[in-house]
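A.B. asks:
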Amino acid sequence: AAPSSAARYGLRVHRYDAPGRVPPAFLWAAEEEEGADALTRFRGEFADAGVLWVPWIAGRPCGYQWTRRGDLVVPWHLALGSDITLIFSVVTFRPFRGRGVASRTLSEI
């Protein structure tokens, strides 16, 4: 099988569905980029059934994106079902901006 477009660029996307599974290297990078309150926000997202997606290049986290199943989202403009995935909080850390990290991560999700 051909490698995904992200893999061809040396980017690997990992999925984390619980806070205990998130590597410390990501937590350190997120805290450095966004401050200590980022970790509190992340705990809240996991508590609300969020799934964290982290792009990595050469062992370094490049940012993150969150998803949540549609039926686990408070309805706003329209009701979403379990067959819908809501993608939100698309973030690329400063050193990796301008490299297409966010779009390549979206395509992997």
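Here this note's numbering = 1-based position in the sequence shown + 1158.
Quick reminder that beta carbons are idealized off the backbone N, C-alpha and C, glycines included.
It should be emphasised that the depicted structure is a prediction, and the values quoted were computed from it without experimental measurement.
(1) Would you grab the beta carbon distance between G1228 and L1244 for me? Rounded to a whole angstrom, and I think it's under 8 angstroms.
(2) Note down the Cα distance separating R1173 from G1256, rounded to an integer number of angstroms.
(3) As a quick exercise: from R1201, A1237, A1196 and V1259, pick the residue whose alpha carbon is nearest that of G1178.
(4) Within a Cβ cutoff of 8 angstroms, which residues of the same chain sit near A1207, ignoring the five residues on either side of it in sequence?
(5) Comparing alpha-carbon positions, which option in A1187, S1240, G1217 and D1175 lies nearest E1203?
(6) Would the beta-carbon of P1219 fall within 7 angstroms of that of V1171?
C.D. replies: Let me spell this out:
(1) 6 angstroms
(2) 23 angstroms
(3) R1201
(4) R1226, R1227 and L1230
(5) D1175
(6) no
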